[in-house]
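For the sequence shown, the residue numbers in numbering that gives the first Met the number 0 are 0 to 649.
Where is the CB? At the ideal position from N, CA and C, for every residue including glycine.
These figures come from a predicted structure and were not determined experimentally.
Presented below is the structure to which this report refers.
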Amino acid sequence: MFIKVAFNIPLKKVFTYLPPEKGECAVGMRVKAPFGRREVQGFVVEVTEKSEEELTGLKAITKIMEPDPLFDKSTWQTALWIADMYMCGWGEALYAMLPGGKREKDLEDEMEGAYGLPGSITLTDEQQNAVKSVLEGSGSLFYIHGITGSGKTEVFLTLAEKMLAEGKGIIYLVPEIALTHQMVDAVKKRFADTVAVLHSALTPAQRLKQWRRIQSGAAKVVIGARSGIFAPVQNLGLIIIDEEHENSYKSGSSPRYHARQVAMYRVRKENAKLVMGSATPSVEAYYLMEKGTITKLSLTRRVSGGELPQIQVVDMSSEHYAVSDLLRKEIIRVCGEGRQVILFLNRRGFFYNFSCLDCGYEAKCSHCSIPLTYHKDRGLLICHYCGYSQRPARACPSCGSLQVGYGGFGTEKIEADIQRLFPHLKTLRLDSDTAADKGKTKAVLDSFAKGEADILLGTQMVAKGFNFPKVSLVGIILADTTLQMPDFRSAERTFSLLTQVSGRAGRFSAGGKVVIQTYRPSNYAIAFAAALDEKSFYTRELQSRQLLGFPPFSRLFRFVFRSKNQEKALSAASGFGQMLSQMQPEGYRFQMLGPAECPLALISDNYRYQIIINTDQFASAHGILSAALAAYKAPSGVYVEADVDPLSLM
0 MFIKVAFNIP LKKVFTYLPP EKGECAVGMR VKAPFGRREV QGFVVEVTEK SEEELTGLKA
60 ITKIMEPDPL FDKSTWQTAL WIADMYMCGW GEALYAMLPG GKREKDLEDE MEGAYGLPGS
120 ITLTDEQQNA VKSVLEGSGS LFYIHGITGS GKTEVFLTLA EKMLAEGKGI IYLVPEIALT
180 HQMVDAVKKR FADTVAVLHS ALTPAQRLKQ WRRIQSGAAK VVIGARSGIF APVQNLGLII
240 IDEEHENSYK SGSSPRYHAR QVAMYRVRKE NAKLVMGSAT PSVEAYYLME KGTITKLSLT
300 RRVSGGELPQ IQVVDMSSEH YAVSDLLRKE IIRVCGEGRQ VILFLNRRGF FYNFSCLDCG
360 YEAKCSHCSI PLTYHKDRGL LICHYCGYSQ RPARACPSCG SLQVGYGGFG TEKIEADIQR
420 LFPHLKTLRL DSDTAADKGK TKAVLDSFAK GEADILLGTQ MVAKGFNFPK VSLVGIILAD
480 TTLQMPDFRS AERTFSLLTQ VSGRAGRFSA GGKVVIQTYR PSNYAIAFAA ALDEKSFYTR
540 ELQSRQLLGF PPFSRLFRFV FRSKNQEKAL SAASGFGQML SQMQPEGYRF QMLGPAECPL
600 ALISDNYRYQ IIINTDQFAS AHGILSAALA AYKAPSGVYV EADVDPLSLM
């Protein structure tokens with residue numbers, strides 16, 4: 000008998016062993032086996048009486064770590080598909096799917112509490128039609144395209160209820176932990192003990208316990224973030240992807256999978272249905288709806304008595320302070336009426352950067368290629384990529400000038416300004432700095448939901464689907480931040496973010512208002528968001544993408560070469576580029592950009608160069624690039640990242 004084992008390494012290969020002295024191996028078991036000079040954990044993926052290879056000197060499995068298999072042959076087939084699609088090792092793909100890994104702090108005590116989520120309610124005609132279309136429709140791909148506050152969540156929960164009544168399982172994906180906290184209570188109230196929660200903040204033991212409940216069929220409804228797409232749900236009938244447009248559905252490390260693509264694979268393989276939803280679909284999803292590949296189901300009215308807010312744009316070029324005159328007056332008016340305000344700024348920190356007014360010197364991380372952010376509460380300039388910190392200089396390190404200072408502004412700075420302008424109002428701040436403290440996110444949201452504060456100030460976390468009944472004013476401090484990124488998706492991200500943040504206002508009553516502050520009031524993403532003109536935005540964006548040959552009219556591949564040695568990184572990228580040029584067959588040429596320095600050229604002391612492939616013939620390009628990557632031998636000290644359908648080119 001021979002045992003084939005997959006290890007968490009970047010190779011499309013399994014390794015053959017003899018059975019252990021004690022116990023019998025089965026597919027899905029976690030085992031330990033000698034690998035080189037070490038004993039390494041792996042998973043059994045095949046048990047066979049014969050081997051196709053002529054093998055001598057085989058070693059035996061040393062230990063069966065768990066007697067009960069964690070997965071079956073179907074899971075292994077999915078892992079092989081992921082490895083092929085996303086150009087990673089077989090074991091890498093498998094390990095991304097299974098419970099285990101780095102132990103993280105336990106956030107279980109933060110998992111209760113829903114902020115304004117409705118209980119079971121009577122569906123509107125639009126909601127009923129959406130449910131009926133999914134259940135009776137012949138297709139497998141659906142999209143609930145509804146304005147903010149139109150009741151997409153209730154449609155999702157009703158669909159899950161119907162599927163559960165038929166004995167089918169459900170996977171319900173939300174973008175990240177902040178939303179998982181909000182949704183869990185509503186889902187548990189509806190489905191009680193049939194619910195399992197999966198997210199990266201569970202300890203390995205907690206995650207394994209939930210996995211076993213799902214695997215046994217005890218839990219039929221799984222709610223989780225991106226990795227929840229791999230849950231071993233029995234008799235899968237429905238996958239829900241809430242806020243489909245969110246970038247967090249794309250993995251940032253190998254395998255760089257997108258949960259939406261994996262969901263499409265699973266529903267095709269397991270004869271299930273996929274229902275996505277958002278007020279601001281990704282451009283790719285919108286395009287597929289226009290083509291009819293995905294069935295579009297529209298929700299056009301708010302369900303809680305609210306109306307879409309009135310939106311005003313303020314040109315900040317004529318303003319002298321970070322909080323404009325209009326926004327200041329609106330805050331006074333709204334809070335005077337006993338209502339609440341959300342202020343949004345996509346910047347952490349006190350002031351954004353530190354620079355010299357004489358020579359233009361800008362304080363940057365010595366390990367990365369990005370400006371440092373000043374955090375007043377710690378008195379430090381901090382790198383948000385690697386965590387490096389330093390004290391601010393009294394004089395310019397470049398020219399010696401004393402004319403050094405801070406430019407831009409972050410959440411800490413705005414919080415200080417708000418407290419100075421409105422000392423009688425209570426302000427809460429929610430960004431990734433405050434959320435880093437255990438329990439802080441829930442405490443802040445609970446306090447604001449109870450009306451214990453007048454103003455909630457935050458970064459992207461406050462845009463994530465929270466329903467606060469008393470909020471009637473949203474102020475967007477600076478709408479330009481996402482437009483400044485050197486990325487073809489910057490307009491899409493800006494429009495989506497402004498629309499989502501604006502949607503927090505007036506969800507339960509008329510009279511909601513949004514103030515958008517910007518230095519670029521004529522930019523089409525800002526103008527269309529302010530006009531609530533979604534159709535014009537997507538039409539303009541699709542025209543631009545088609546003209547430039549960008550997705551969804553093409554597919555991208557990205558290869559990043561990083562090394563502590565800059566020459567090695569550039570040489571490796573150049574060598575791979577030459578290999579690709581030689582491998583392109585006659586009559587077919589894909590567009591190759593680079594090698595070029597990444598916009599973020601240095602991160603954590605690693606120099607970064609990239610090659611980007613743009614093609615309208617995905618299958619042909621994928622085959623060539625996969626073969627090239629498999630044949631390429633990276634120099635010592637160089638790491639290669641492969642990214643299929645990248646969301647970021649930074």
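Supposed contact pair residue j and residue i - C-beta distance, whole angstroms, cut 8 Å
| i | j | result |
| --- | --- | --- |
| Ile238 | Ala262 | 5 Å |
| Ser388 | Leu401 | Between Leu401 and Ser388 the Cβ distance is about 23 Å, and since that is not below 8 Å, they are no contact. |
| Tyr285 | Val221 | Going by Cβ atoms, the distance from Tyr285 to Val221 rounds to 27 Å, so no, they are not a contact pair. |
| Asn605 | Lys563 | 6 Å |
| Phe174 | Tyr248 | The sequence given here has Pro at residue 174, not Phe. At roughly 7 Å, the Cβ-Cβ gap stays under 8 Å, so Pro174 and Tyr248 are in contact. |
| Ser501 | Thr299 | Not really, about 16 Å apart at Cβ, beyond 8 Å. |
| Gln499 | Thr147 | 7 Å |
| Ala572 | Ile610 | 6 Å |
| Ala627 | Met582 | 6 Å |
Per-residue burial, residue i [other beta carbons within 10 Å of its own, 16 or more giving buried]
| i | result |
| --- | --- |
| Glu329 | buried |
| Leu546 | exposed |
| Gln339 | buried |
| Ile257 | First, the amino acid is wrong: residue 257 is His here, not Ile. By the 10 Å Cβ count, His257 comes out buried. |
| Ile481 | According to the sequence as given, residue 481 is Thr; it is not Ile. Per the 10 Å Cβ criterion, buried. |
| Ala92 | buried |
| Arg557 | buried |
| Lys449 | exposed |
| Asn466 | buried |
| Gly337 | exposed |
| Lys12 | exposed |
| Ser471 | buried |
| Asp324 | exposed |
| Gly136 | exposed |
| Asp192 | exposed |
| Ser495 | buried |
| Gly386 | exposed |
| Glu153 | buried |
| Thr121 | exposed |
| Lys412 | buried |
| Gln209 | buried |
Residue j beta carbon less than 9 Å from that of residue i
| i | j | result |
| --- | --- | --- |
| Cys395 | Tyr373 | no |
| Gln516 | Ile475 | yes |
| Phe141 | Tyr94 | no |
| Tyr85 | Arg255 | yes |
| Leu326 | Ala271 | no |
| Ile2 | Val39 | no |
| Asp479 | Arg519 | yes |
| Ser139 | Arg259 | no |
| Arg189 | Glu160 | yes |
Limits of the beta strand (DSSP E) - the one that residue i falls within
| i | result |
| --- | --- |
| Asp83 | Careful: Asp83 lies outside any beta strand (DSSP E), inside the alpha helix (DSSP H) at Lys72 to Tyr85. |
| Cys597 | Gln590 to Ile602 |
| Arg488 | Arg488 -> no beta strand (DSSP E), and no H or E assigned at all. |
| Asn605 | Asn605 to Thr614 |
| Ser277 | Lys272 to Ser277 |
| Ile2 | Phe1 to Ala5 |
| Phe229 | First-last for Phe229: undefined, no H or E at that position. |
| Gln339 | Gln339 to Phe343 |
Three-state secondary structure (DSSP) of residue i
| i | result |
| --- | --- |
| Cys395 | coil |
| Gly216 | coil |
| Leu106 | Confidence is the limiting factor: at Leu106 the pLDDT is only 33, short of 50, which leaves the residue's position unreliable, though a coordinate-based value still follows. Of the three classes helix, strand and coil, the one that applies to Leu106 here is coil, per DSSP. |
| Tyr537 | helix |
| Asp416 | helix |
| Asp124 | helix |
| Ala32 | strand |
| Tyr94 | helix |
| Leu569 | helix |
| Ala442 | helix |
| Phe14 | strand |
| Tyr248 | helix |
| Pro203 | helix |
is_contact[residue i, chain C] using C-beta, thresh 9 Å
| i | result |
| --- | --- |
| Lys567 | Of the protein chains in the structure, only one exists, and it is not chain C. |
Near the ligand MG: residue i beta-carbon under 8 Å from a heavy atom
| i | result |
| --- | --- |
| Met84 | In the structure shown, the ligand MG is absent, as is every other ligand, since no ligand is present at all. |
Opening and closing residue of the alpha helix (DSSP H) in which residue i lies
| i | result |
| --- | --- |
| Tyr286 | Val282 to Lys290 |
| Ile623 | Phe617 to Ala630 |
| Ala164 | Lys151 to Ala164 |
| Lys268 | Ala258 to Glu269 |
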